[in-house]
Amino acid sequence: MIIDTEWGGFGDRGEAEYIFTQYDKIIDARSDHPGVNSLDKLVAGMCMGEVVRLVLNKLCNHKYNLNVKNFSSDDCGSYSNTRQIMDELAIEDFTFSDMLLFREVCLVVSRRSANLSAAVIGILAIACVLNRVRKAKMTVAIDGSTYKYHPFFDHWVTEKIKELIDPGIEVGSKRWKSKKWQCVLPKNKSGWNLFSSELCRQAMEVKKKEKEEEARIKLETEERERRQREEENRLRGEEEEREKDKKMEEERARIRSEQLYYEDERRREEEKIRSNLLED
(Lines of atoms letter the chains of each structure in order from A and count residues from 1; the text may use other names and numbers.)
(Lines give C-alpha, C1' and ligand atoms only; values in the text may rest on other atoms or scores of the structure.)
Protein backbone atom coordinates (compact mmCIF):
# COMPACT_ATOMS: atom_id res chain seq x y z
CA MET A 1 0.00 0.00 0.00
CA ILE A 2 1.36 3.46 -0.97
CA ILE A 3 -0.15 6.58 0.59
CA ASP A 4 1.09 10.07 -0.28
CA THR A 5 -0.09 11.84 2.85
CA GLU A 6 0.45 15.46 1.69
CA TRP A 7 0.12 16.46 5.32
CA GLY A 8 1.64 19.92 4.85
CA GLY A 9 -1.82 21.46 5.06
CA PHE A 10 -2.67 19.84 8.39
CA GLY A 11 -3.88 22.56 10.74
CA ASP A 12 -5.09 24.95 8.02
CA ARG A 13 -8.57 24.86 9.57
CA GLY A 14 -7.31 25.83 12.99
CA GLU A 15 -6.49 22.39 14.39
CA ALA A 16 -2.88 23.37 15.12
CA GLU A 17 -3.49 26.95 16.19
CA TYR A 18 -2.74 26.19 19.84
CA ILE A 19 0.72 24.98 18.81
CA PHE A 20 1.64 28.21 17.02
CA THR A 21 3.93 30.49 18.99
CA GLN A 22 4.33 34.20 18.38
CA TYR A 23 7.29 33.39 16.13
CA ASP A 24 5.29 30.90 14.05
CA LYS A 25 2.57 33.50 13.57
CA ILE A 26 5.15 36.02 12.33
CA ILE A 27 6.51 33.49 9.82
CA ASP A 28 2.98 32.65 8.64
CA ALA A 29 2.06 36.31 8.23
CA ARG A 30 5.23 37.01 6.21
CA SER A 31 4.86 33.93 3.99
CA ASP A 32 3.58 33.97 0.41
CA HIS A 33 0.48 32.04 1.47
CA PRO A 34 -0.64 33.00 4.99
CA GLY A 35 -2.96 30.54 6.67
CA VAL A 36 -2.04 27.51 4.56
CA ASN A 37 0.61 24.78 4.79
CA SER A 38 0.49 25.14 8.56
CA LEU A 39 2.33 21.93 9.40
CA ASP A 40 5.06 22.68 6.88
CA LYS A 41 5.71 25.99 8.63
CA LEU A 42 6.05 24.18 11.95
CA VAL A 43 8.48 21.48 10.83
CA ALA A 44 10.27 22.65 7.66
CA GLY A 45 14.00 23.29 7.94
CA MET A 46 13.80 26.78 6.42
CA CYS A 47 11.11 27.81 8.90
CA MET A 48 13.07 26.26 11.78
CA GLY A 49 16.00 28.53 10.99
CA GLU A 50 13.72 31.56 10.84
CA VAL A 51 12.12 30.67 14.20
CA VAL A 52 15.59 30.45 15.74
CA ARG A 53 16.51 33.80 14.21
CA LEU A 54 13.38 35.45 15.59
CA VAL A 55 13.95 33.99 19.05
CA LEU A 56 17.58 35.09 19.12
CA ASN A 57 16.64 38.47 17.68
CA LYS A 58 14.30 38.96 20.59
CA LEU A 59 16.86 37.68 23.08
CA CYS A 60 19.97 39.49 21.95
CA ASN A 61 18.74 42.06 19.44
CA HIS A 62 20.86 40.76 16.55
CA LYS A 63 19.42 39.89 13.17
CA TYR A 64 21.06 36.98 11.32
CA ASN A 65 20.00 33.77 9.71
CA LEU A 66 21.14 30.46 11.22
CA ASN A 67 21.74 26.93 9.98
CA VAL A 68 20.00 24.93 12.69
CA LYS A 69 21.48 21.54 11.87
CA ASN A 70 25.06 22.81 12.26
CA PHE A 71 24.36 24.21 15.69
CA SER A 72 22.58 21.05 16.75
CA SER A 73 25.42 18.80 15.61
CA ASP A 74 27.92 20.37 18.03
CA ASP A 75 29.37 17.98 20.59
CA CYS A 76 28.74 19.06 24.14
CA GLY A 77 31.72 21.03 25.38
CA SER A 78 33.35 21.83 22.02
CA TYR A 79 30.76 24.02 20.20
CA SER A 80 33.09 24.19 17.20
CA ASN A 81 30.23 24.50 14.69
CA THR A 82 28.64 27.25 16.75
CA ARG A 83 31.92 29.17 16.88
CA GLN A 84 32.45 28.74 13.13
CA ILE A 85 28.98 30.00 12.20
CA MET A 86 29.23 32.98 14.52
CA ASP A 87 32.60 33.83 12.99
CA GLU A 88 31.13 33.54 9.48
CA LEU A 89 28.34 35.91 10.48
CA ALA A 90 30.92 38.34 11.86
CA ILE A 91 29.41 38.20 15.34
CA GLU A 92 32.03 39.47 17.74
CA ASP A 93 32.40 39.68 21.49
CA PHE A 94 30.21 36.64 22.14
CA THR A 95 30.61 34.73 25.36
CA PHE A 96 30.46 31.04 26.16
CA SER A 97 27.01 31.65 27.67
CA ASP A 98 25.91 33.11 24.33
CA MET A 99 26.99 29.92 22.56
CA LEU A 100 25.13 27.82 25.11
CA LEU A 101 22.02 29.92 24.55
CA PHE A 102 22.26 29.74 20.74
CA ARG A 103 22.76 25.99 20.78
CA GLU A 104 19.90 25.45 23.24
CA VAL A 105 17.50 27.48 21.09
CA CYS A 106 18.47 25.44 18.02
CA LEU A 107 18.00 22.18 19.90
CA VAL A 108 14.58 23.18 21.25
CA VAL A 109 13.30 24.29 17.84
CA SER A 110 14.72 21.19 16.12
CA ARG A 111 13.29 18.89 18.78
CA ARG A 112 9.86 20.49 18.43
CA SER A 113 9.94 19.87 14.68
CA ALA A 114 10.93 16.23 15.24
CA ASN A 115 8.20 15.74 17.86
CA LEU A 116 5.50 17.15 15.58
CA SER A 117 6.73 14.99 12.70
CA ALA A 118 6.71 11.94 14.96
CA ALA A 119 3.16 12.71 16.07
CA VAL A 120 1.89 12.73 12.49
CA ILE A 121 3.98 9.71 11.45
CA GLY A 122 3.11 7.71 14.55
CA ILE A 123 -0.62 8.41 14.48
CA LEU A 124 -1.35 8.54 10.74
CA ALA A 125 1.29 6.49 8.97
CA ILE A 126 1.88 3.79 11.56
CA ALA A 127 -0.79 3.35 14.21
CA CYS A 128 -3.84 3.93 11.97
CA VAL A 129 -2.56 2.03 8.93
CA LEU A 130 -1.20 -0.93 10.91
CA ASN A 131 -4.40 -1.18 12.92
CA ARG A 132 -6.49 -1.14 9.74
CA VAL A 133 -4.54 -3.34 7.34
CA ARG A 134 -3.18 -5.70 10.02
CA LYS A 135 0.05 -6.32 8.13
CA ALA A 136 3.10 -7.73 9.87
CA LYS A 137 5.51 -5.24 8.30
CA MET A 138 5.33 -1.67 7.09
CA THR A 139 7.74 0.84 5.53
CA VAL A 140 7.27 4.60 6.05
CA ALA A 141 9.15 6.80 3.57
CA ILE A 142 10.17 10.22 4.88
CA ASP A 143 11.64 12.79 2.52
CA GLY A 144 13.11 16.23 3.11
CA SER A 145 16.44 17.91 3.79
CA THR A 146 15.81 18.17 7.54
CA TYR A 147 15.32 14.43 7.97
CA LYS A 148 18.23 13.73 5.64
CA TYR A 149 20.86 16.13 6.96
CA HIS A 150 19.97 16.92 10.57
CA PRO A 151 22.27 14.77 12.74
CA PHE A 152 19.65 13.74 15.31
CA PHE A 153 16.30 14.24 13.58
CA ASP A 154 15.61 10.60 12.67
CA HIS A 155 16.61 9.48 16.18
CA TRP A 156 14.34 12.05 17.83
CA VAL A 157 11.44 11.05 15.56
CA THR A 158 11.89 7.38 16.45
CA GLU A 159 12.15 8.03 20.19
CA LYS A 160 9.03 10.19 20.18
CA ILE A 161 7.07 7.62 18.18
CA LYS A 162 7.89 5.09 20.91
CA GLU A 163 6.06 7.35 23.37
CA LEU A 164 3.03 7.93 21.16
CA ILE A 165 2.03 4.59 19.67
CA ASP A 166 0.95 1.28 21.18
CA PRO A 167 3.98 -0.16 23.01
CA GLY A 168 3.13 -3.52 21.47
CA ILE A 169 4.24 -2.18 18.08
CA GLU A 170 8.01 -2.42 17.69
CA VAL A 171 9.77 0.74 16.49
CA GLY A 172 12.59 1.30 14.05
CA SER A 173 14.22 3.83 11.73
CA LYS A 174 16.81 3.79 8.96
CA ARG A 175 19.46 3.10 11.62
CA TRP A 176 17.51 0.78 13.89
CA LYS A 177 15.75 -2.06 12.08
CA SER A 178 12.39 -3.35 13.22
CA LYS A 179 10.20 -6.38 12.64
CA LYS A 180 7.02 -4.31 12.62
CA TRP A 181 7.89 -1.16 10.69
CA GLN A 182 10.74 1.08 9.67
CA CYS A 183 11.30 4.66 8.50
CA VAL A 184 13.43 5.02 5.39
CA LEU A 185 14.81 7.94 3.41
CA PRO A 186 14.16 7.41 -0.33
CA LYS A 187 17.49 7.36 -2.17
CA ASN A 188 16.08 7.87 -5.67
CA LYS A 189 15.14 11.50 -6.33
CA SER A 190 14.17 11.15 -10.01
CA GLY A 191 10.45 11.12 -9.29
CA TRP A 192 7.65 9.56 -7.34
CA ASN A 193 7.15 6.86 -9.96
CA LEU A 194 10.62 5.49 -9.34
CA PHE A 195 10.15 5.93 -5.62
CA SER A 196 6.86 4.07 -5.78
CA SER A 197 8.60 1.36 -7.78
CA GLU A 198 11.21 1.11 -5.05
CA LEU A 199 8.51 0.77 -2.42
CA CYS A 200 6.81 -1.88 -4.54
CA ARG A 201 10.13 -3.69 -4.87
CA GLN A 202 10.58 -3.61 -1.10
CA ALA A 203 7.00 -4.83 -0.64
CA MET A 204 7.63 -7.66 -3.11
CA GLU A 205 10.80 -8.61 -1.25
CA VAL A 206 8.86 -8.68 2.01
CA LYS A 207 6.14 -10.76 0.34
CA LYS A 208 8.77 -13.10 -1.10
CA LYS A 209 10.37 -13.55 2.29
CA GLU A 210 6.96 -14.17 3.83
CA LYS A 211 6.23 -16.84 1.20
CA GLU A 212 9.65 -18.40 1.74
CA GLU A 213 8.99 -18.43 5.47
CA GLU A 214 5.57 -19.98 4.90
CA ALA A 215 7.13 -22.61 2.61
CA ARG A 216 9.82 -23.34 5.20
CA ILE A 217 7.24 -23.68 7.95
CA LYS A 218 5.12 -25.91 5.70
CA LEU A 219 8.10 -28.16 4.94
CA GLU A 220 9.01 -28.34 8.61
CA THR A 221 5.40 -29.16 9.48
CA GLU A 222 5.22 -31.86 6.81
CA GLU A 223 8.54 -33.32 7.95
CA ARG A 224 7.37 -33.26 11.56
CA GLU A 225 4.10 -34.96 10.60
CA ARG A 226 5.99 -37.56 8.52
CA ARG A 227 8.25 -38.37 11.45
CA GLN A 228 5.24 -38.52 13.72
CA ARG A 229 3.51 -40.97 11.36
CA GLU A 230 6.66 -43.08 11.16
CA GLU A 231 6.88 -43.14 14.95
CA GLU A 232 3.21 -44.08 15.22
CA ASN A 233 3.70 -46.87 12.64
CA ARG A 234 6.76 -48.11 14.52
CA LEU A 235 4.90 -48.17 17.81
CA ARG A 236 1.91 -49.85 16.17
CA GLY A 237 4.22 -52.47 14.62
CA GLU A 238 5.87 -53.12 17.96
CA GLU A 239 2.46 -53.48 19.58
CA GLU A 240 1.37 -55.93 16.88
CA GLU A 241 4.57 -57.93 17.37
CA ARG A 242 3.93 -58.07 21.10
CA GLU A 243 0.35 -59.23 20.50
CA LYS A 244 1.60 -61.88 18.06
CA ASP A 245 4.22 -63.12 20.51
CA LYS A 246 1.60 -63.20 23.25
CA LYS A 247 -0.75 -65.32 21.12
CA MET A 248 2.07 -67.68 20.16
CA GLU A 249 3.03 -68.08 23.82
CA GLU A 250 -0.60 -68.78 24.73
CA GLU A 251 -0.79 -71.38 21.94
CA ARG A 252 2.40 -73.07 23.12
CA ALA A 253 1.05 -73.12 26.68
CA ARG A 254 -2.22 -74.71 25.46
CA ILE A 255 -0.29 -77.36 23.53
CA ARG A 256 1.88 -78.16 26.57
CA SER A 257 -1.23 -78.40 28.72
CA GLU A 258 -2.86 -80.85 26.29
CA GLN A 259 0.33 -82.90 26.12
CA LEU A 260 0.44 -83.16 29.90
CA TYR A 261 -3.21 -84.16 29.98
CA TYR A 262 -2.75 -86.94 27.43
CA GLU A 263 0.38 -88.19 29.19
CA ASP A 264 -1.57 -88.39 32.46
CA GLU A 265 -4.36 -90.28 30.69
CA ARG A 266 -1.86 -92.66 29.13
CA ARG A 267 -0.20 -93.35 32.51
CA ARG A 268 -3.56 -94.02 34.12
CA GLU A 269 -4.45 -96.49 31.33
CA GLU A 270 -1.13 -98.26 31.74
CA GLU A 271 -1.65 -98.47 35.49
CA LYS A 272 -5.13 -99.87 34.98
CA ILE A 273 -3.91 -102.53 32.53
CA ARG A 274 -1.05 -103.50 34.80
CA SER A 275 -3.42 -103.81 37.75
CA ASN A 276 -5.80 -106.09 35.79
CA LEU A 277 -2.96 -108.37 34.74
CA LEU A 278 -1.82 -108.79 38.32
CA GLU A 279 -5.31 -109.73 39.45
CA ASP A 280 -5.54 -112.43 36.78
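Numbered by the working numbering, the letters in the sequence shown go through residues 4 to 283 in order.
Positions of the beta carbon are idealized from the N, C-alpha and C atoms, including for glycine.
As the structure is a prediction and not an experimental result, all values here were calculated from the model.
Item, Value
"Beta-carbon spacing of M207, S113 below 8 Å", "no"
"Contacts around K151, its chain only, beta-carbon distance under 7 Å, and the 5 residues preceding and following it disregarded", "L188"
"Rounded separation between E91 and F105 - CA only", "15 Å"
"Top-ranked residue by Cα proximity to L103, from N279, D31 and L59", "L59"
"Between the CA atoms of D267 and L280 - distance to the nearest angstrom", "20 Å"
"According to DSSP, residues forming a beta bridge with C186", "V143"
"Within 8 Å, strictly: CB atoms of I29 and L57", "yes"
"I88 in three-state terms, based on DSSP", "helix"
"Rounded C-alpha distance that separates K44 from F156", "17 Å"
"Residue burial classification, V111 (beta-carbon count within 10 angstroms, cutoff 16)", "exposed"
"Exposure of E242, with buried meaning 16 or more beta-carbon neighbours within 10 Å", "exposed"
"Length of the line joining the Cα atoms of D15 and F99", "40 Å"
"For K250 and E272, the rounded distance between their alpha carbons", "33 Å"
"Cβ-based neighbour list, S148, same chain, cut-off 6 Å, excluding 5 preceding and 5 following", "G48"
"Buried/exposed call for C186, threshold 16 Cβ in 10 Å", "buried"
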